[in-house]
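Colleague: Attaching a single structure in C-alpha cells format; questions to follow.
Numbering (our numbering), first residue to last: 647 to 824.
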C-alpha cells in the first residue's frame, strides 16, 4: 500500500546539529523507500534556513529551489513553519490545510517528530485532535526521535512523544544516541 510520511522537525536553537542531520539524510531516507517499490509521499513541517535552524531539501526529493521553495508535490511537500521546542504537534495541527492534499485516503500514515524537548500538549489531546481531522487518519503510526534521558545538550525529555509512539506501535528513538 502507499505510505505517507510527515516529519515535524524542531527548529529551536538547541537543534542546530540535529536539523543539519535531518536535512543531510532526508534524500537517503526517501530514496531507500522509493527504491523498495513503495509509493511514498513525504511532508516536512519545518522552517526554511534563516528562521531558526531551518531545513531545505535538495534534489532528488526537493525541487532545487533552496533556500526558499524546495517542494516537489505530490512526492515532497515542505510546509514552511517555525517549529519551537514544545509545539511540534501544534505546528502539525495548525498547518493541516497545507499538507493534507499530499496525504491519500488509502495510504498508511506515519508521523515522525524530531525534537530535543517535550510537548506542551498531552499525547491524548493530540491523538484525539489529529484523528478528528480526517477519518482516514485512524490507525496512523507516530514515531519519535526525542531525548529519553537528560543528555548534555537536550532541552528536555520527550515523554509525551514517547508515550504516543508506544500507543500507536511506532518507533521511539533516542536523540541522545547520536
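No residue lacks a Cβ here, since even glycine has one placed at the ideal position from N, Cα and C.
Source: prediction; values computed, not measured.
#1: With DSSP as the reference, label residue 795 as helix, strand or coil.
#2: Which whole-angstrom value describes the C-beta separation of residue 733 and residue 699, a residue pair presumed to lie in contact below a C-beta threshold of 8 Å?
#3: Under the rule that 16 or more other beta-carbon atoms within 10 Å means buried, what is residue 692, buried or exposed?
#4: Flag this pair as yes or no: are the beta carbons of residue 653 and residue 758 separated by less than 7 Å?
#5: Which residues in the same chain as residue 779 place their Cβ atom closer than 6 Å to its Cβ, once the five residues preceding and following it in sequence are excluded?
#6: Distance, Cα to Cα, residue 701 vs residue 781?
#7: Specify whether the segment 668-677 and the segment 799-814 touch according to this definition: at least 3 beta carbon pairs, one from each stretch, less than 8 Å apart.
#8: Per DSSP, what kind of secondary structure is residue 701 in: helix, strand or coil?
#9: At a cut-off of 6 Å, is residue 680 close to the ligand NAP when judged by its beta-carbon and the heavy atoms of the ligand?
#10: To test your reading of the DSSP string, which unbroken alpha helix (DSSP H) runs of 4 or more residues are found completely within the segment 736-795?
#11: Tell me, which residues are paired with residue 653 by DSSP?
#12: Report yes if the CB atom of residue 760 is closer than 7 Å to the CB atom of residue 689, and no otherwise.
Modeller: Reading from the atomic positions:
#1: As a first step, residue 795 is located in the chain shown; it is residue number 149 there, counting from the start. Correct three-state label for residue 795: coil.
#2: Looking up residue 733 in the chain shown gives position 87. Looking up residue 699 in the chain shown gives position 53. So it is not a contact: roughly 15 Å between Cβ atoms.
#3: If you number the chain shown from 1, residue 692 lands on position 46. The residue is buried, with at least 16 neighbouring Cβ atoms inside 10 Å.
#4: Position 7 of the chain shown, counted from the start, is the residue given in the question as residue 653. Position 112 of the chain shown, counted from the start, is the residue given in the question as residue 758. Against a cut-off of 7 Å, the Cβ pair of residue 758 and residue 653 comes out as a contact.
#5: As a first step, residue 779 is located in the chain shown; it is residue number 133 there, counting from the start. For residue 779, the CB contacts under 6 Å within the same chain, skipping 5 residues up- and downstream, are 742 in chain order.
#6: Within the chain shown, the letter at position 55 stands for residue 701. Within the chain shown, the letter at position 135 stands for residue 781. Those two C-alpha atoms are separated by around 31 Å.
#7: no
#8: For the purposes of this step, residue 701 is taken as the residue at position 55 of the chain shown. Residue state, collapsed to three classes: coil.
#9: In the structure shown, the ligand NAP is absent, as is every other ligand, since no ligand is present at all.
#10: 742-745 and 769-779
#11: Reading the chain shown from its first residue, position 7 is the one you call residue 653. Its beta-bridge partners are 690 and 758.
#12: Taking the first residue of the chain shown as position 1, residue 760 is located at position 114. Taking the first residue of the chain shown as position 1, residue 689 is located at position 43. Not a contact, by the Cβ cut-off of 7 Å.
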